[in-house]
Amino acid sequence: MTIREAKLEDIEAINQLNTYPLNHAYPLEDAKEQLSYLLSSPVNKLFVKEIDGTVVGYVQLSEYVCTYGPNLMNVMALVVGEDLHGKGVGKSLLNYSEQWAKENGAQGIRLNSGVERTEAHKFYEHQGYERVKNQVNFRKLFQSK
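Taking the UniProt record's numbering, I'd label the letters of the sequence shown as residues 1 to 145.
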């Protein structure tokens, strides 16, 4: 098992993981553009976990800087193929992310998890994460021209 920085060639596996089990269907070409941007961004990082040359999970980190708290890394996504849940893949990706964040000046990690993802909440708590607050997530998309 290997953890490494994502490459553009990983997009099909990443997009498949986004679609299922995350239920975030997104057009492959658009996802490829997003990944290309992320890979060139100094404040974002995406790591994949491979088993026998196949991407089986990934974690995406983004800088979280605000005026009311310490510099953190924000886990934007942590996803593992459902057939590998409970096998240590998610834990290894999270541990790798924490170590990387610490080595790169972050004072901690934060993340959000959907209210319906109760098994994920148990996982995060088991990894030492503390539930801080409940939130409602809002979004407004702009229309393309």
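All residues carry an ideal CB built from backbone N, CA and C; glycine is no exception. Keep in mind that this is a model prediction, so the values were computed, not measured.
Would you call the CB atoms of residue i and residue j closer than 8 Å?
i	j	result
residue 111	residue 89	no
residue 6	residue 14	yes
How far does the alpha helix (DSSP H) with residue i in it reach, from first residue to last?
i	result
residue 130	Taken as a continuous stretch (DSSP letters only), residue 130 belongs to no alpha helix (DSSP H), as it is neither H nor E.
residue 30	28-40
residue 89	89-103
residue 16	11-19
residue 138	Counting along the chain, residue 138 falls outside any alpha helix (DSSP H), and DSSP gives it neither H nor E.
residue 122	118-126
Judging by CA-CA distance, which residue of the options is the nearest neighbour of residue i?
i	options	result
residue 49	43, 58, 41 and 42	58
residue 52	2, 14 and 139	2
residue 64	55, 47, 42 and 81	42
residue 73	100, 130 and 115	100
residue 107	39, 71 and 140	71
residue 124	9, 143, 98 and 139	98
residue 20	80, 104 and 126	80
Please classify residue i as buried or exposed, where buried requires at least 16 neighbouring CB atoms within 10 angstroms.
i	result
residue 137	exposed
residue 45	buried
residue 18	buried
List the residues that DSSP assigns as beta-bridge partners of residue i.
i	result
residue 4	48
residue 148	Shown here, the chain extends from 1 to 145; a query on residue 148 therefore has no answer.
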